[in-house]
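Notes for the one structure printed next.
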Amino acid sequence: MIYLKIFWAFFIANIIGYGGGPATIPLIENEVVSRFHWLNVGEFSKVLALGNSLPGAISTKMAGYIGYDVAGVLGALIGITATVAPSIILMLILFKLLYKYKDSPKVKQLTLLIRPTIAVLLGVMAYDFFATSYHQTGWLQSLALVVIGYLLLEKMKIHPAFVIVAALGYGAIFLA
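In terms of the working numbering, the sequence shown is residues 293 to 468.
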């Protein structure tokens with residue numbers, strides 16, 4: 293029964309909390325503190341502070357921590373699943389709608405309008421990454437990583453996951 297309560301608490305908070313973490317935090321607090329009494333307000337504020345200090349979505353971190361605290365590893369998995377389930381369900385519904393109307397002129401026009409926006413956003417993100425890398429590691433290492441990454445991906449056709457792991461390894465050894 294506790295697993296169902298964990299699922300329901302985080303599922304409801306995340307399906308109602310439109311707007312991401314800041315919108316779901318009061319809903320999670322209501323479920324965890326007021327409804328199920330798994331934590332008190334002080335403990336919840338500590339979990340919130342811990343969640344804010346780590347990278348990533350705050351609601352999934354809180355769900356994992358609180359689920360683990362209440363019911364162990366399975367509780368953590370159920371809490372995280374309940375947190376991401378609303379987004380997955382809505383994405384599947386949207387995908388089904390887009391697939392159903394994929395031949396519609398309006399959907400094709402929408403796709404054509406979105407592509408340049410995505411390209412610009414990816415370009416800005418790549419520029420920001422390179423600028424940060426340049427300031428933190430210098431132009432020589434940044435340029436070397438870009439060139440080596442390009443050669444590994446495009447010329448040698450190495451899977452991107454291996455290139456990312458290699459770059460992380462390089463950074464951990466030489467740039468730490």
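All residues carry an ideal CB built from backbone N, CA and C; glycine is no exception.
No experiment lies behind these values; they were computed from the predicted model shown.
Item	Value
Is it buried or exposed for F302, if we count other Cβ within 10 angstroms and need 16 for buried?	buried
Give the single residue among A453, P408, I320 whose Cα lies nearest to the Cα of A305.	I320
Inspect the CB distances between the segment 367-384 and the segment 350-359 and report whether three or more fall short of 8 angstroms.	yes
Give me, in chain order, the residues of the same chain whose beta-carbon lies closer than 7 angstroms to that of I307; leave out the 5 immediate sequence neighbours on both sides.	P378
Where do the ends of the alpha helix (DSSP H) carrying G383 lie?	Sequence check: residue 383 is Met here, not Gly. Element bounds for M383: 350-392.
First and last residue of the alpha helix (DSSP H) that includes R407?	397-429
Could you tell me the alpha carbon to alpha carbon distance between G441 and N344, rounded to whole angstroms?	32 angstroms
A363 and I294 - do their beta-carbons sit closer together than 7 angstroms?	yes
In angstroms, rounded to a whole number, what distance separates the CA positions of A423 and N332?	44 angstroms
Have a look at L445, S434, V416 and flag the residue whose alpha-carbon is nearest the alpha-carbon of V455.	L445
Are there 16 or more other CB atoms within 10 angstroms of the CB of F439, so buried, or fewer, so exposed?	Looking at the sequence itself, residue 439 is Val, so the reference to Phe does not match. Looking at its Cβ environment, which holds fewer than 16 other Cβ atoms inside 10 Å, V439 is exposed.
Within the continuous alpha helix (DSSP H) that includes K338, where are the two ends?	333-345
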